[in-house]
Amino acid sequence: MKQQSEPALAISQLSKTYEGGFQALKSIDLNVAPGDFFALLGPNGAGKSTTIGIICSLVRKTSGSVRVFGHDIDQDFSTAKQFVGVVPQEFNFNQFEKPIDILVNQAGYYGIPSKVAYERAEKYLKQLALWDKRDTPSRTLSGGMKRRLMIARALIHEPRLLVLDEPTAGVDIELRRSMWEFLQEINRQGTTIILTTHYLEEAESLCRNIAIIDHGQIVKNTSIRELLKQLNKETFVLDTREALDSCPEVEGYPLTMVDDHSLEVAIDKSQSVNKLFAALTEQGIHVLSMRNKSNRLEELFFDLVEKNLQENDHE
Amino acid sequence: MNNSQKWIAFSTIVRREIHRFLRIWPQTLVPPIITIVLYFVIFGRLIGSRIGEMSELPYIQFVAPGLIMMSVITNSYSNVVSSFYGSKFQRNIEELLVSPTPNWIILLGYVVGGMSRGLGVGAMVTLLSLYFADFSLHSLPITIGIVLMTSLMFSLAGLINAIFAGSFDDISIIPTFVLTPLIYLGGVFYSTDMLGDFWGSVSLINPILYMVNAFRYGMVGITDINVAWSFIMVGLFSVVLFGVALRLLEKGSRLRS
Chain A
14 MKQQSEPALA ISQLSKTYEG GFQALKSIDL NVAPGDFFAL LGPNGAGKST
64 TIGIICSLVR KTSGSVRVFG HDIDQDFSTA KQFVGVVPQE FNFNQFEKPI
114 DILVNQAGYY GIPSKVAYER AEKYLKQLAL WDKRDTPSRT LSGGMKRRLM
164 IARALIHEPR LLVLDEPTAG VDIELRRSMW EFLQEINRQG TTIILTTHYL
214 EEAESLCRNI AIIDHGQIVK NTSIRELLKQ LNKETFVLDT REALDSCPEV
264 EGYPLTMVDD HSLEVAIDKS QSVNKLFAAL TEQGIHVLSM RNKSNRLEEL
314 FFDLVEKNLQ ENDHE
Chain B
64 MNNSQKWIAF STIVRREIHR FLRIWPQTLV PPIITIVLYF VIFGRLIGSR
114 IGEMSELPYI QFVAPGLIMM SVITNSYSNV VSSFYGSKFQ RNIEELLVSP
164 TPNWIILLGY VVGGMSRGLG VGAMVTLLSL YFADFSLHSL PITIGIVLMT
214 SLMFSLAGLI NAIFAGSFDD ISIIPTFVLT PLIYLGGVFY STDMLGDFWG
264 SVSLINPILY MVNAFRYGMV GITDINVAWS FIMVGLFSVV LFGVALRLLE
314 KGSRLRS
């Protein structure tokens with residue numbers, strides 16, 4: 014079958030210029046393999062939501078092509094749309110309708126008979142812990158519930174590609190973890206997932222492949238593992254047992270004092286941490302614990318975005 | 064989508080639209096009934112009894128078809144304009160836009176939803192009018208035909224208004240400043256014979272005049288204008304409005320960025 018050999022998503026030379034002249038996307042190419050869990054990262058205004066908007070046809074592209082499992086979103090829009098489920102960033106359901114009606118109606122728009130629609134609505138509302146709220150007006154749901162309702166709605170036609178635009182924004186940690194588990198489970202069952210997020214930890218924990226987009230261009234498209242290999246330097250925070258009067262000096266390790274019980278140090282991948290500990294112990298300083306100053310991916314992300322910014326400035 | 068799936072999508076939109084106006088019946092069904100009853104009491108009974116006859120009919124019989132048509136027009140229009148704009152405002156129109164439902168099905172779904180309310184309120188007003196006036200139906204096909212086409216036409220107009228609307232003000236401007244004057248000057252309360260040659264001719268550019276007269280002809284057999292013209296006019300307007308509304312949906316005007 015066509016869709017089994019084709020990429021889940023194939024974007025080619027996609028550009029978008031909004032009325033007023035703002036160029037949100039500058040001829041981007043992107044492929045996502047079937048079954049992948051893919052992260053699309055980028056700062057605000059980088060073009061993530063525009064890309065997602067074009068995939069689900071809420072934004073009109075200026076040029077280029079988008080194919081979903083081999084089906085062009087222009088020429089074969091009906092089939093392409095059947096394959097895509099989308100969870101937008103903002104709440105976009107009728108706040109006066111009940112969750113069960115929102116899901117069953119959405120199924121209807123995909124031509125799913127009501128009996129099947131009710132069965133699926135029950136399945137997904139139960140999986141997302143919303144079954145008890147099925148007859149509650151959706152405006153009374155909490156923020157987290159509303160977000161889960163949008164995930165259930167996106168899954169009601171059982172799409173092969175699920176696109177989530179910052180699905181855990183504003184969601185508490187416990188709920189975020191349960192949503193991660195749910196998404197990982199449906200990914201294991203074969204659904205390809207593309208997600209945009211501001212939480213880089215989220216991308217590192219969930220996704221296998223990643224594209225970083227900035228100023229409407231893809232600045233990096235690789236696997237998370239490959240990307241992390243490029244990390245040459247990491248910054249650590251060391252918590253000390255003794256109160257420090259001044260910043261200790263260790264040759265080759267640029268230490269800085271954060272406060273009287275903690276130090277910060279940037280270490281190259283080639284350097285041994287043991288040497289640092291030994292040198293500190295010689296000076297009578299005992300390290301109680303050590304942690305990354307920031308998320309590893311975050312450091313790379315800022316490096317890439319910064320580099321892209323400098324290149325754009327030179328142009 | 065195959066035809067069976069298209070039918071499911073269409074019936075889902077229609078069912079949701081009907082459910083919407085039934086759920087908020089104090090806003091959608093009660094006010095037009097109260098308004099029309101007041102018209103019947105004041106213009107039909109109290110003032111009408113002093114007016115006597117209009118076009119050789121008791122005034123209440125003359126005015127009743129116009130009042131029924133008025134409720135069909137305003138309810139068909141306002142249902143679609145408020146529902147579609149509400150969907151735009153809350154952004155739940157995106158539920159339809161991301162789905163494979165073709166634009167012509169979306170259009171038909173909203174229009175049939177609007178017609179359901181317009182014709183439903185029209186039927187209730189007709190039943191109420193029987194309390195105030197006696198009717199012997201002159202032509203059922205003409206009555207049904209013109210009321211269906213009128214409801215269709217104003218549902219389409221309501222959808223176009225909603226597509227262009229950028230605020231709630233925009234969905235009340237046309238009903239207040241265009242629709243209401245056209246209805247009041249559309250021969251609901253008087254015969255155009257009373258206006259003299261000049262103003263009678265000016266009235267002919269008002270499409271509602273044709274609808275009210277055709278409906279009145281269907282109900283009581285009296286009309287100021289040619290009924291065939293009425294059908295041609297309403298039919299032409301409906302075809303043009305359908306084409307415009309579909310084109311706007313295809314282009315995604317004010318719906319897709």
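Sequence order for the protein chains is A and B. All residue numbers for the first sequence refer to this note's numbering, where the first residue is 14 and numbers rise by one. All residue numbers for the second sequence refer to this note's numbering, where the first residue is 64 and numbers rise by one. In this text, a Cβ means the ideal position worked out from N, Cα and C, and glycines have one as well.
Residue nearest to K61/A in terms of C-alpha spacing, selected from I199/A, D178/A, L251/A: Of the listed residues, the one whose Cα sits closest to K61/A is D178/A.
In chain order, what residues of the same chain lie with their CB nearer than 6 Å to the CB of D329/A, ignoring the 5 residues before and after it? Chain A is shown only over 14 to 328; residue 329/A falls outside these bounds and no answer can be derived.
Hey, quick one: how far does the alpha helix (DSSP H) through N57/A stretch, first residue to last? Where N57/A is concerned, there is no enclosing alpha helix (DSSP H), given that its DSSP letter is neither H nor E.
Any contact between the stretch 141-161 of chain B and the stretch 228-246 of chain B? By contact I mean 3 or more CB pairs, one from each, below 8 Å. The stretch 141-161 of chain B and the stretch 228-246 of chain B touch, with no fewer than 3 CB-CB distances between them shorter than 8 Å.
Out of F305/B, V275/B, T98/B, V307/B, point me to the one whose CA is closest to W292/B's CA. Among F305/B, V275/B, T98/B, V307/B, the Cα nearest to that of W292/B belongs to V275/B.
By alpha-carbon positions, which one of S259/A, E32/A, Q284/A, I280/A ends up nearest to D272/A? Minimum Cα distance to D272/A is reached at S259/A.
Spell out the partners DSSP gives L43/A in its beta bridges. The partner list for L43/A (beta bridge, DSSP) reads I24/A.
Considering only C-alpha positions, which residue in the set S218/A, S275/A, F35/A, E239/A is nearest to A256/A? Among S218/A, S275/A, F35/A, E239/A, the Cα nearest to that of A256/A is on S275/A.
Comparing C-alpha positions only, which one of I285/B, A308/B, F73/B sits nearest to M117/B? By alpha-carbon distance to M117/B, the top candidate from I285/B, A308/B, F73/B is I285/B.
For N234/A, which beta-bridge partners are listed by DSSP? Bridge partners of N234/A: A224/A.
Please decide whether G121/A counts as near chain B, where near means a Cβ-Cβ distance under 8 Å. Closer than 8 Å to some Cβ of chain B, the Cβ of G121/A qualifies, so yes.
Short of 9 Å Cβ to Cβ, which residues in the stretch 132-163 of chain B face chain A? From the stretch 132-163 of chain B, only G149, S150, Q153, R154, N155, I156, E157, E158, L159, L160, V161, S162, P163 have a Cβ closer than 9 Å to chain A.
By DSSP, does P121/B sit in helix, in strand, or in coil? P121/B falls in the strand class under three-state DSSP.
Using a Cβ-Cβ cut-off of 8 Å (strictly less than) and excluding sequence neighbours within five positions of T189/B, which residues of its own chain qualify? I131, listed in sequence order.
Give me the chain A residues within the contact set of R180/B, using Cβ-Cβ distance strictly less than 8 Å, ordered along the chain. At a beta-carbon threshold of 8 Å, none of the residues of chain A lie near R180/B; the nearest stands roughly 17 Å away.
If you draw a straight line from the C-alpha of V10/A to the C-alpha of E217/A, how long is it? Since the first residue of chain A shown is 14 and the last is 328, residue 10/A is not available in this structure.
Cross-chain neighbours of R310/B in chain A, by beta carbon under 7 Å: Within chain A, no residue has its beta carbon less than 7 Å from that of R310/B; the closest one is some 15 Å off.
List the DSSP bridge partners of V93/B. Paired residues: none, contrary to the question.
Using the Cα positions of N155/B and E187/A, report the straight-line distance between them to the nearest angstrom. The alpha-carbon atoms of N155/B and E187/A are separated by roughly 28 Å.
Cα separation between V251/B and T153/A? Across the structure, V251/B and T153/A are spaced so that their CA atoms are roughly 45 Å apart.
Show which residues of chain A have a CB atom less than 9 Å away from the CB atom of A72/B. Ordered by position in chain A, the residues that pass the 9 Å Cβ test against A72/B are G121, Y122, Y123, G124.
Distance check for E158/B and I125/A, CA to CA, integer angstroms please. Their backbone Cα atoms lie some 14 Å apart in a straight line.
Pick helix, strand or coil for Y31/A, following the three-state DSSP scheme. Here Y31/A carries a coil assignment [DSSP, helix/strand/coil].
When we look at the beta-carbon of D145/A and count the other beta-carbons within 10 Å, is it buried (16 or more) or exposed? Exposed, because fewer than 16 other Cβ atoms sit within 10 Å of the Cβ of D145/A.
For P128/B, is the classification buried or exposed, using 16 other Cβ atoms within 10 angstroms of its Cβ as the cut-off for buried? With 16 or more Cβ atoms within 10 Å of its Cβ, P128/B is classed as buried.
Check this for me: beta carbons of Y280/B and H201/B, under 8 Å apart or not? The criterion of a C-beta distance shorter than 8 Å is satisfied by Y280/B and H201/B.
Where does D272/A fall in DSSP's three states? If DSSP states are grouped into helix, strand and coil, D272/A belongs with the strands.
At 7 Å on the CB atoms, spell out the chain A contacts of T75/B, in chain order. Going along chain A in sequence order, the residues near T75/B (Cβ under 7 Å) are N118, G121, Y122.
When you compare the CB of V81/A with every CB in chain B, is at least one pair closer than 8 Å? No, because no Cβ of chain B sits closer than 8 Å to the Cβ of V81/A.
Rounded C-beta distance between A37/A and K29/A? I'm assuming under 8 Å. Sure, about 5 Å apart at Cβ, within 8 Å.
For a cutoff of 8 Å on Cβ pairs, would you count S320/B as touching chain A? Between S320/B and chain A, the shortest Cβ-Cβ separation is below 8 Å.
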